[in-house]
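Residues 272 to 867 in this note's numbering are what the sequence shown spells out, letter by letter.
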Amino acid sequence: VCGADSILTITLTVLETVGVVTNSDDSGPGSLRDAIASTCDGDTIIFDASTNGNPIVLTSGDISFSNNLLIIGNGPDNTIIDGNVSSRIFEISGADSTIIRNLTVQNGHASGSGAAATGGGIFSSNTAKLVLENVAINSNMADGFGGGLAFQGGVELRVSNSTMDGNSSSTNGGGIQASFGTGTSSVSLEGSTISNNQATFNGGGMFLASSSVSTTTVATVNVQTSTITGNTAGSNGGGIFSSVLSSNQTATQALTVTNSTLTDNSASSNGGGIYVNTIATAGTTSNLNLQSSIVALNGSNNIYHSHSPNITSLGYNIFDDVSISGSTATDILGATELQLNLGTLQNNGGSNFTMVPGCESIAINSGNPADASDAQNASVTDGRRDAGAAEAQASTHSFSVTACGSFTAPSGDETYYQSQVITDTIQSLCGTDSILTIDIEIESMAEVTESNGVLSSSNIHTNYRWLDCDANYTEVQGEIASSFTPLITGNYALEGTNGGCSDTSDCVFIQVVTVGVEIPVAESRIHVSNGLLRVTLPENIERAFLHVMDLAGRVVYTTVLNTRITPLDFNMSTGGIYLIRIETSNGTETHRVFLN
Numbered sequence: 272v273c274g275a276d277s278i279l280t281i282t283l284t285v286l287e288t289v290g291v292v293t294n295s296d297d298s299g300p301g302s303l304r305d306a307i308a309s310t311c312d313g314d315t316i317i318f319d320a321s322t323n324g325n326p327i328v329l330t331s332g333d334i335s336f337s338n339n340l341l342i343i344g345n346g347p348d349n350t351i352i353d354g355n356v357s358s359r360i361f362e363i364s365g366a367d368s369t370i371i372r373n374l375t376v377q378n379g380h381a382s383g384s385g386a387a388a389t390g391g392g393i394f395s396s397n398t399a400k401l402v403l404e405n406v407a408i409n410s411n412m413a414d415g416f417g418g419g420l421a422f423q424g425g426v427e428l429r430v431s432n433s434t435m436d437g438n439s440s441s442t443n444g445g446g447i448q449a450s451f452g453t454g455t456s457s458v459s460l461e462g463s464t465i466s467n468n469q470a471t472f473n474g475g476g477m478f479l480a481s482s483s484v485s486t487t488t489v490a491t492v493n494v495q496t497s498t499i500t501g502n503t504a505g506s507n508g509g510g511i512f513s514s515v516l517s518s519n520q521t522a523t524q525a526l527t528v529t530n531s532t533l534t535d536n537s538a539s540s541n542g543g544g545i546y547v548n549t550i551a552t553a554g555t556t557s558n559l560n561l562q563s564s565i566v567a568l569n570g571s572n573n574i575y576h577s578h579s580p581n582i583t584s585l586g587y588n589i590f591d592d593v594s595i596s597g598s599t600a601t602d603i604l605g606a607t608e609l610q611l612n613l614g615t616l617q618n619n620g621g622s623n624f625t626m627v628p629g630c631e632s633i634a635i636n637s638g639n640p641a642d643a644s645d646a647q648n649a650s651v652t653d654g655r656r657d658a659g660a661a662e663a664q665a666s667t668h669s670f671s672v673t674a675c676g677s678f679t680a681p682s683g684d685e686t687y688y689q690s691q692v693i694t695d696t697i698q699s700l701c702g703t704d705s706i707l708t709i710d711i712e713i714e715s716m717a718e719v720t721e722s723n724g725v726l727s728s729s730n731i732h733t734n735y736r737w738l739d740c741d742a743n744y745t746e747v748q749g750e751i752a753s754s755f756t757p758l759i760t761g762n763y764a765l766e767g768t769n770g771g772c773s774d775t776s777d778c779v780f781i782q783v784v785t786v787g788v789e790i791p792v793a794e795s796r797i798h799v800s801n802g803l804l805r806v807t808l809p810e811n812i813e814r815a816f817l818h819v820m821d822l823a824g825r826v827v828y829t830t831v832l833n834t835r836i837t838p839l840d841f842n843m844s845t846g847g848i849y850l851i852r853i854e855t856s857n858g859t860e861t862h863r864v865f866l867n
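Here it is as structure tokens:
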């Protein structure tokens with residue numbers, strides 16, 4: 272109004288929102304289709320726990336979007352999106368970034384021709400970046416490219432900790448089809464398993480192609496700590512097909528495979544494991560770099576490269592080829608199936624199925640010694656990684672053992688004398704450790720202490736036997752208690768038994784002091800008739816104490832001896848063996864007597 276303009280600066284903040292899928296319906300409120308249709312750029316889609324285990328079956332076509340989204344499931348076993356073998360699952364076009372995590376895409380079918388037939392599970396068209404993390408893409412089919420996934424015209428495809436199994440394409444790329452146009456593009460496959468996929472023509476597992484008709488194309492493909500197995504191609508590239516097609520322009524494509532396993536793939540023509548092709552009209556290159564990987568048992572034509580050398584080896588690979596151009600001294604050539612001894616594709620730890628080297632496999636500890644990064648299934652053991660994707664793990668066992676006195680660990684490293692739980696590690700002939708957790712129970716050894724002429728067991732045993740060492744360890748009759756009072760000077764030992772453990776102590780010498788007891792029966796056994804016992808003391812002893820005890824040590828009779836010759840009258844209710852202890856100023860003597 273005043274003739275001067277007003278310039279306003281307004282900052283708009285767009286808040287990201289979270290859409291929650293609350294049911295397993297194909298459409299309508301709470302459905303995945305409705306949640307995605309209601310999103311804006313940068314929104315996140317999550318799934319309520321009530322949907323776990325209930326597949327979302329699509330009945331009205333695929334779910335299409337172009338917004339930048341983060342879709343997070345509750346795990347591949349819980350969040351399952353099913354194409355009902357009638358449509359693909361997701362079609363993503365023109366987005367800057369799409370991230371999909373923790374879910375399963377299955378039973379999709381891209382039918383017809385052209386774009387409609389592309390990407391049986393997921394079709395990404397001109398989306399700059401597509402990231403799949405912990406995603407299972409299984410049992411999808413495409414009448415065109417990419418049975419599981421088709422990625423076309425994008426800049427970056429990243430697949431990690433994911434599985435692509437049992438997908439099929441009627442043309443190229445049974446598992447994955449990725450094509451690159453103008454500019455720089457990249458594909459990375461990490462910690463993932465591509466298995467049992469099929470392509471009618473090329474690329475049973477992966478089909479990777481760069482084509483440039485006007486400007487430069489630079490594509491890098493990195494396969495790391497991944498397993499590619501059981502894939503088939505009707506023409507070329509059973510495991511991986513990598514090709515550069517150029518029309519009078521510059522195109523470069525580099526395929527690098529590190530710490531990975533490619534085995535049991537097949538192609539009817541060339542490259543059962545890997546096929547690399549360059550149609551060079553002007554300055555095109557296609558490189559194959561391999562390190563610490565197993566590429567073997569993929570048919571008679573394992574690796575095909577249209578130009579020499581076949582590979583650029585970065586070392587520590589295993590091939591079944593007797594010779595291969597570009598290999599190095601640290602590679603193993605001519606490996607047989609028996610020498611590799613790879614296990615079946617199964618759960619060996621980690622997110623996905625792997626093939627672990629078995630007993631005495633040449634893959635064990637044959638990988639890059641400078642690389643200690645985790646394998647696909649576990650961390651590296653034994654100080655050096657195995658060649659290939661999976662690491663042979665130590666076997667673990669737990670058991671209990673009862674030992675007599677001591678226990679030596681199976682490794683021989685240490686001996687234990689007390690009951691406890693130990694962990695012992697032993698190196699097996701297979702090249703992998705065995706870790707043993709052992710619950711040890713040590714049964715006590717027989718040990719004897721002496722006090723005032725009485726021998727006692729230092730430890731508790733189930734059974735006791737006292738032995739006369741001087742009589743060739745014969746048993747002292749009737750002595751089966753934990754303590755024993757010898758009546759004759761000599762050497763004595765204890766045999767203690769606990770369960771299956773039996774041990775004999777060292778012999779202990781006992782000096783029995785005589786104070787003058789008249790005993791008419793040899794070996795200190797006094798037979799008393801009618802309960803009469805005559806005790807004669809030495810002349811210099813005028814007073815003594817006499818105690819009668821049963822074999823349990825209980826005193827059943829006691830008296831004072833005031834005369835040198837004393838007749839004693841016992842009124843025992845039962846006869847048997849008794850101990851008579853006489854105490855004088857000169858010492859103590861104990862005798863065993865049998866009372867009628």
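Backbone N, C-alpha and C fix where the C-beta goes; we use that ideal spot for every residue, glycine too.
* Asked: Helix, strand or coil for Ala308 per DSSP?
  -> helix
ask   = Given Gly505, which residues of its chain have a CB within under 7 Å of its CB, disregarding the five upstream and five downstream residues?
value = Ala470, Thr471, Phe472, Ser539
Which runs of the beta strand (DSSP E) at least 3 residues long sit entirely within the segment 539-608? Give them in chain order. 545-550, 555-562, 565-567, 574-576
Notebook entry, point to check: Per DSSP, what kind of secondary structure is Gly787 in: helix, strand or coil?
Noted result: Bear in mind that the predicted position of Gly787 carries a pLDDT of just 41, short of 50, making it unreliable; the figure below should be weighed with that in mind. Coil at Gly787, not helix or strand.
> Within 10 angstroms of its Cβ, does Val672 collect 16 or more other Cβ (buried), or is it exposed?
Replying inline: exposed
Arg372 beta carbon less than 8 Å from that of Gly344: yes
*Identify the continuous beta strand (DSSP E) that holds Ile633 and give its terminal residues.*
Where Ile633 is concerned, there is no enclosing beta strand (DSSP E), given that its DSSP letter is neither H nor E.
**Prompt:** Which residue from Gly419, Asn648, Gly299 puts its Cα closest to that of Glu925?
**Reply:** One cannot answer for residue 925 here, as it falls past the ends of the chain, which runs 272 to 867.
Roughly how many angstroms lie between the CA atoms of Gly868 and Thr496, to the nearest whole one? Outside the shown range of the chain, which is 272 to 867, sits residue 868, and nothing can be said about it.
Exercise for review: Whole angstroms is fine: what's the gap from Asp296's alpha carbon to Ala399's?
Suggested key: 30 Å
Next on the checklist: With distance defined between alpha-carbon atoms, name the residue in Val458, Asn530, Asn507, Ser396 nearest to Val489.
Outcome noted: Val458
Check: Between which two residues does the beta strand (DSSP E) containing Cys772 stretch?
Finding: 772-775
>> Cutting at 6 Å between CB atoms, please list the residues of its own chain near Ala525, excluding the five before and the five after it.
In response: Thr491, Asn558
Check your understanding: Does the separation of the CB atoms of Gly659 and Ser513 fall below 8 Å?
Key -> no
Short of 7 Å in beta carbon distance, which residues of its chain neighbour Asp821, apart from the five on each side in sequence? Order them along the chain. Val827, Tyr849
Worksheet item: Out of curiosity, what's the CA-to-CA distance linking Asp774 and Ser682?
Response: 25 Å
Open item on the list: Within the continuous beta strand (DSSP E) that includes Gln748, where are the two ends?
Closed with: Note, Gln748: premise wrong, no beta strand (DSSP E); not H, not E.
task: Name the one or two DSSP bridge partners that Cys675 has.
output: Glu714
_In the DSSP output, which residue or residues are listed as bridge partners for Glu721?_
Leu726
Item to check | Beta-carbon gap between Asp353 and Ala381 smaller than 8 Å | outcome: no
- [ ] Just confirm the distance between the C-beta atoms of Gly654 and Met716, as a whole number of angstroms; I'd bet it's less than 8 Å.
- [x] Their Cβ separation, rounded to whole angstroms, is 40 Å, which puts Gly654 and Met716 out of contact at 8 Å.
So that I know if they touch, is there some Cβ in chain B lying closer than 8 Å to that of Asp414?
Judged by its chain identifiers, the structure shown contains no chain B, having just a single protein chain.
Length of the line joining the Cα atoms of Ile693 and Ile709: 5 Å
| message | For the structure I just gave you, are there three or more beta carbon pairs, one from the segment 588-595 and one from the segment 560-573, closer than 8 Å? | response | yes
Inter-residue spacing [alpha-carbon to alpha-carbon] between Tyr587 and Ala306 = 49 Å
What three-state label does DSSP hand Thr453 in the structure shown? coil
- Query: Within 10 angstroms of its Cβ, does Pro628 collect 16 or more other Cβ (buried), or is it exposed?
  - Reply: buried
* **Inter-residue Cα distance where the pair is Asp657 and Ile565** => 10 Å
Review point. For Leu609, does the count of other Cβ atoms within 10 angstroms reach 16, so buried, or fall short, so exposed?
Key: exposed
Handout entry: Status (buried if at least 16 other CB within 10 Å, exposed otherwise) for Thr855
Key = buried
What is the residue span of the beta strand (DSSP E) that Leu403 lies within?
-> 400-409
Review point. How big is the Cα-Cα spacing for Val788 and Val747?
Key: Because the pLDDT of Val788 is 41, which lies under 50, any placement of that residue in the model is unreliable, and the number read from its coordinates should be weighed accordingly. Cα to Cα, Val788 sits roughly 22 Å from Val747.
Q: Use the C-beta contact count for Pro580: other C-beta atoms within 10 angstroms, 16 or more gives buried, fewer gives exposed.
A: exposed
Practice item. Identify the continuous beta strand (DSSP E) that holds Leu329 and give its terminal residues. Key: Looking at the DSSP string, Leu329 is not in any beta strand (DSSP E), and its letter there is neither H nor E.
Proximal residues to Leu817 (C-beta, below 6 Å), its chain only, five neighbours per side dropped
Thr830, Leu832, Ile853
Could you check which residue in Asn323, Asn339, Ala386 has the C-alpha nearest to that of Asp333?
Ala386
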